[in-house]
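Enquirer:
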Amino acid sequence: MADPMKIRAKMEGDKVDVRILMAHEMETGQRKDAQGRVIPAWFIQNVSATCNGKTVLSAEWGPAVSKNPFLAFKFSGGKPGDKVVVTWTDNHGDKRTDEAAIA
Amino acid sequence: MDREAISPGRRKVLQGAGGGAVLALMAAAGLFRPGSAWAEWNQQAFEVKNSLNDAVRALGGSSAPEQSPAITITSPDIAENGAVVPVTVTSKIPGTQNIALMVEKNPNILAANFQIPDGTDPWINTRIKMGQTSNVFAVVKAADGKFYYASKEVKVTLGGCGG
Numbered sequence: 001m002a003d004p005m006k007i008r009a010k011m012e013g014d015k016v017d018v019r020i021l022m023a024h025e026m027e028t029g030q031r032k033d034a035q036g037r038v039i040p041a042w043f044i045q046n047v048s049a050t051c052n053g054k055t056v057l058s059a060e061w062g063p064a065v066s067k068n069p070f071l072a073f074k075f076s077g078g079k080p081g082d083k084v085v086v087t088w089t090d091n092h093g094d095k096r097t098d099e100a101a102i103a
Numbered sequence: 104m105d106r107e108a109i110s111p112g113r114r115k116v117l118q119g120a121g122g123g124a125v126l127a128l129m130a131a132a133g134l135f136r137p138g139s140a141w142a143e144w145n146q147q148a149f150e151v152k153n154s155l156n157d158a159v160r161a162l163g164g165s166s167a168p169e170q171s172p173a174i175t176i177t178s179p180d181i182a183e184n185g186a187v188v189p190v191t192v193t194s195k196i197p198g199t200q201n202i203a204l205m206v207e208k209n210p211n212i213l214a215a216n217f218q219i220p221d222g223t224d225p226w227i228n229t230r231i232k233m234g235q236t237s238n239v240f241a242v243v244k245a246a247d248g249k250f251y252y253a254s255k256e257v258k259v260t261l262g263g264c265g266g
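This is how it looks when you write it as structure tokens:
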């Protein structure tokens, strides 16, 4: 199981500022190991964030997103104490869901 | 890319047990291809090599994207480490539905495609990899289905896709 995400959600005026740091190799499938074998691609393909059951962001990623991906976005309609739930799925079918309360 | 990722062992299991039932079981258990198991992943778009127009077409655009001053890309002019290039995109285009990030000279141009629902700012901040000095495109899909883009050159002193 992958390591937990670090999620920070904070009110900024009437908007919620969300910052997410995920733990993932994001292997491109372009690199070779010392023996010259291609290291197979392993990367997050889908990310989605919800708040109170409403999707506030979703994304499709390729392997060109950096290792241990960082993502920030802002949405309105949240209030302190509401939970922001973030899920990612990688190309191996692994998924991870974490949440944070809006501060 | 996906198909190679499936281990030969698993493939043998599939053949040995004679197909469909096992496949259905695996899909049901969520062990199978993530694309089918959970959400859509536009493989066709992520396989486009270096053409902005082709990538936009794969994302559903009917014509070539139009350059727009309403899209801003904020990133370093020179990235010392191509493996981690911070990029912020702001769109002032009304009804921005999608923001896609593309790197022209990467092995595959499309890096990420974000869907911006109503209520979410057309503003994205993330970090991408760049193999070499290249134009970075921010492509926005507006509510009317038209695509707009902005471009910025980022110089890379140490590539992030080498091996």
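Chains as they are written, first to last, in my numbering: chain A, 1 to 103; chain B, 104 to 266. Virtual Cβ for every residue (Gly too), placed ideally from N, Cα, C. Please read these numbers as outputs of a predicted model, since none were measured by experiment.
State the Cα-Cα distance for the pair A/I44 and B/L204, rounded to the nearest angstrom.
Expert: Along the first sequence, one-based indexing puts residue 44 of chain A at 44. Along the second sequence, one-based indexing puts residue 204 of chain B at 101. So the two alpha carbons sit approximately 15 Å from each other.
Enquirer: If the criterion is Cβ atoms closer than 8 Å, does the pair A/D14 and A/S76 meet it?
Expert: Translated into the one-based positions of the first sequence, residue 14 of chain A becomes position 14. Translated into the one-based positions of the first sequence, residue 76 of chain A becomes position 76. Their beta carbons are under 8 Å apart, which means A/D14 touches A/S76 by this criterion.
Enquirer: Using 8 Å as the cut-off, can you tell me whether the stretch 182-194 of chain B makes contact with the stretch 150-170 of chain B, which would need three or more C-beta pairs spanning the two stretches below that distance?
Expert: no
Enquirer: Does B/P137 have its Cβ less than 8 Å from a Cβ in chain A?
Expert: Within the second sequence, the letter at position 34 stands for residue 137 of chain B. Because B/P137 carries a pLDDT of 40, less than 50, the predicted location of this residue cannot be relied on, and no value is offered for it.
Enquirer: By Cβ distance below 7 Å, which residues in the same chain neighbour A/F73 in space, the five residues on each side in sequence not counted?
Expert: Taking the first sequence and counting its residues from 1, the one referred to as residue 73 of chain A is at position 73. These residues qualify, in order along the chain: V18 and L57.
Enquirer: For B/Q189 and A/A9, I'd like the C-alpha separation in whole angstroms.
Expert: Looking up residue 189 of chain B in the second sequence gives position 86. Looking up residue 9 of chain A in the first sequence gives position 9. Strictly speaking, residue 189 of chain B in this sequence is Pro, with Gln absent from that position. Cα-Cα distance, rounded: 20 Å.
Enquirer: Using a Cβ distance threshold of 8 Å, determine whether the stretch 224-236 of chain B contacts the stretch 166-186 of chain B, with at least three qualifying pairs required.
Expert: yes
Enquirer: Using 8 Å as the threshold, is the C-beta distance between A/V84 and A/W61 below it?
Expert: The residue labelled residue 84 of chain A in the question sits at position 84 within the first sequence. The residue labelled residue 61 of chain A in the question sits at position 61 within the first sequence. It is not a contact, given that the beta carbons lie outside the stated cut-off.
Enquirer: For a contact defined as C-beta to C-beta under 8 Å, what are the partners of B/N238 on chain A?
Expert: Position 135 of the second sequence, counted from the first residue, corresponds to residue 238 of chain B. Taking a Cβ-Cβ cut-off of 8 Å, B/N238 has no neighbours in chain A, whose nearest Cβ is about 14 Å from it.
Enquirer: B/N156 lies in the alpha helix (DSSP H); which residues open and close that run?
Expert: Mapped onto the second sequence, residue 156 of chain B falls at position 53. First-last of the alpha helix (DSSP H) with B/N156: L155 to A161.
Enquirer: Taking CB distances under 8 Å as the criterion, tell me whether A/G62 reaches chain B.
Expert: The residue given as residue 62 of chain A occupies position 62 in the first sequence. Chain B contact via Cβ: present.
Enquirer: Taking the CB atoms as reference points, tell me whether B/V243 and B/F250 lie closer together than 8 Å.
Expert: As a working mapping, residue 243 of chain B is identified with position 140 in the second sequence. As a working mapping, residue 250 of chain B is identified with position 147 in the second sequence. Yes; because the gap between Cβ atoms is below 8 Å, this pair is in contact.
Enquirer: Residue range of the alpha helix (DSSP H) that B/A148 falls in?
Expert: Start at 1 with the first residue of the second sequence, and residue 148 of chain B comes out as number 45. DSSP places B/A148 in the uninterrupted alpha helix (DSSP H) bounded by Q146 to F149.
Enquirer: Quick one: does A/Q35 have its CB under 8 Å from some CB of chain B?
Expert: One-based indexing of the first sequence puts residue 35 of chain A at position 35. Not an interface residue.
Enquirer: Taking buried to mean at least 16 other C-beta atoms within 10 Å of its own C-beta, is A/N91 buried or exposed?
Expert: Counted from its first residue, the first sequence places residue 91 of chain A at position 91. Buried is the call here.
Enquirer: Distance cutoff 8 Å, beta carbons only. Does A/T55 sit that close to anything in chain B?
Expert: On the first sequence, residue 55 of chain A is found 55 positions in, with the first residue counted as 1. Yes, contact with chain B.
Enquirer: When you compare only the Cα positions, how much space is there between A/M26 and B/N156?
Expert: Residue mapping note: residue 26 of chain A aligns to position 26 of the first sequence, counting from 1. Residue mapping note: residue 156 of chain B aligns to position 53 of the second sequence, counting from 1. Going from the Cα of A/M26 to the Cα of B/N156 covers about 26 Å.
Enquirer: Between B/Q147 and B/I181, what straight-line distance do the alpha-carbon atoms span, to the nearest angstrom?
Expert: In the second sequence, the residue the question calls residue 147 of chain B occupies position 44. In the second sequence, the residue the question calls residue 181 of chain B occupies position 78. B/Q147 and B/I181: Cα-Cα distance of roughly 31 Å.
Enquirer: One question on the structure: do B/L213 and B/A173 come within less than 8 Å of each other, judged by their Cβ atoms?
Expert: Sequence index remark: in the second sequence, residue 213 of chain B carries index 110 (1-based). Sequence index remark: in the second sequence, residue 173 of chain B carries index 70 (1-based). No, they are not a contact pair.
Enquirer: For B/A120, which of helix, strand or coil comes out of DSSP?
Expert: Locating residue 120 of chain B in the second sequence gives position 17, where the first residue counts as 1. Model confidence at B/A120 stands at a pLDDT of 44, short of 50, so the residue's coordinates are unreliable; what they give is reported in the following sentence. Here B/A120 sits in coil by DSSP.
Enquirer: Which partner residues of B/S166 appear in the DSSP bridge assignment?
Expert: Here residue 166 of chain B corresponds to residue number 63 of the second sequence, with the count starting at 1. Partner(s): none; B/S166 has no beta bridge.
Enquirer: Rounded to a whole number of angstroms, what is the C-alpha to C-alpha distance between B/G133 and A/S66?
Expert: Numbered from its first residue, the second sequence carries residue 133 of chain B at position 30. Numbered from its first residue, the first sequence carries residue 66 of chain A at position 66. In this prediction, B/G133 scores a pLDDT of 44, lower than 50, which makes its location untrustworthy; no coordinate-derived value is stated.
Enquirer: At least one CB of chain B closer than 8 Å to the CB of A/V107: is that the case?
Expert: Residue 107 of chain A is absent from the structure shown; chain A starts at 1 and stops at 103.
Enquirer: With a threshold of 8 Å between beta carbons, is A/N52 in contact with chain B?
Expert: Numbered from its first residue, the first sequence carries residue 52 of chain A at position 52. Taking Cβ atoms only, chain B never reaches closer than 8 Å to A/N52, which makes this a no.
Enquirer: Look at the alpha carbon of A/T97 and the alpha carbon of B/E150, and state the distance between them as a whole number of angstroms.
Expert: Walking along the first sequence from the start, residue 97 of chain A turns up at place 97. Walking along the second sequence from the start, residue 150 of chain B turns up at place 47. Approximately 27 Å between the Cα atoms of the pair.
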